[in-house]
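Right, one structure below, let's go through it.
Residue numbers (our numbering): 240 to 490.
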């Protein structure tokens, strides 16, 4: 099921059109799209309350989605195929991310775990080999082998740069083009505890990272304006924080 709120405090539960493991939520073109792993369908809503089932062109372990440049773009962890839609209703999978070309340790079929949009391009990251992929239209992609020195789990865009974060220790990197990447620090080292990434979001001028302490509750979070200098924040209570968003001036 899904939940919606008008104030971030009081939440109302609503039913989704099918049962599945939902992996991401993207908003754009006056529509919400909820992706699910191992499915050939997504859940679509115009208001976050009433949801309908929409068919995808193939079944995949859809991991993340983004809306940018008038299109929804979905990536998956078990295929190089990318799903694209302008309206969230009619989808195609005519594009794919090329296989690795550097002859190194990269897998032929990378684990595309996250995608974002900024500077006129979509950028996806692979959590299995550190590769990134860029596209201006969501259909034709260019692969950049071993672009990141660690295994990035998520990526976000803001303040004229892309920021990627590893799941296991919250190591970070930043890039101005999605191709060349620079070290941004490891949050586990800064915190003196082992942090495991839950989510990174950009809004209101800052990148916000929430995590757990090796899967357990924590009060630790981090923010940064540039992906280089990170400031430790204290959450209101010790929880296994899993997701964060920003709206109406409030996180």
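All C-beta atoms, glycine included, are put in the ideal place defined by N, C-alpha and C. The model shown is predicted, which means the values in this text are computed figures rather than measured ones.
Rounded to a whole number of angstroms, what is the C-alpha to C-alpha distance between residue i and residue j?
i           : j           : result
residue 329 : residue 459 : 41 Å
residue 399 : residue 360 : 12 Å
residue 262 : residue 290 : 16 Å
residue 295 : residue 281 : 7 Å
residue 446 : residue 352 : 19 Å
residue 414 : residue 425 : 16 Å
What did DSSP end up calling residue i once you bin it into helix, strand or coil?
i           : result
residue 295 : strand
residue 407 : coil
residue 363 : strand
residue 394 : strand
residue 333 : strand
residue 303 : strand
residue 351 : strand
residue 344 : Confidence at residue 344 is low in this model, with a pLDDT of 47, below 50, so its placement is unreliable and no value can be given for it.
residue 358 : coil
residue 257 : coil
residue 244 : coil
residue 321 : strand
residue 385 : coil
residue 378 : coil
residue 370 : coil
residue 487 : coil
residue 328 : coil
Can you round the beta-carbon distance between residue i and residue j to whole angstroms, since I take them to be within the 8 Å contact cut?
i           : j           : result
residue 364 : residue 391 : 4 Å
residue 406 : residue 366 : 7 Å
residue 277 : residue 254 : That belief does not hold up - the Cβ atoms of residue 277 and residue 254 are roughly 20 Å apart, past 8 Å.
residue 482 : residue 437 : 7 Å
Among the options, which one has its Cα closest to the Cα of residue i?
i           : options               : result
residue 369 : 356, 349 and 281      : 349
residue 260 : 247, 251 and 279      : 279
residue 385 : 408, 412, 436 and 374 : 412
residue 241 : 252, 437 and 356      : 252
Go through the region 261 to 291 residue by residue and report every complete run of the beta strand (DSSP E) that reaches 3 residues or more, in order.
Runs of the beta strand (DSSP E) inside the region 261 to 291: 261 to 267 and 270 to 284.
Completely contained alpha helix (DSSP H) runs for the region 412 to 484, where each covers 4 or more residues:
Qualifying alpha helix (DSSP H) stretches, in chain order: 426 to 430.
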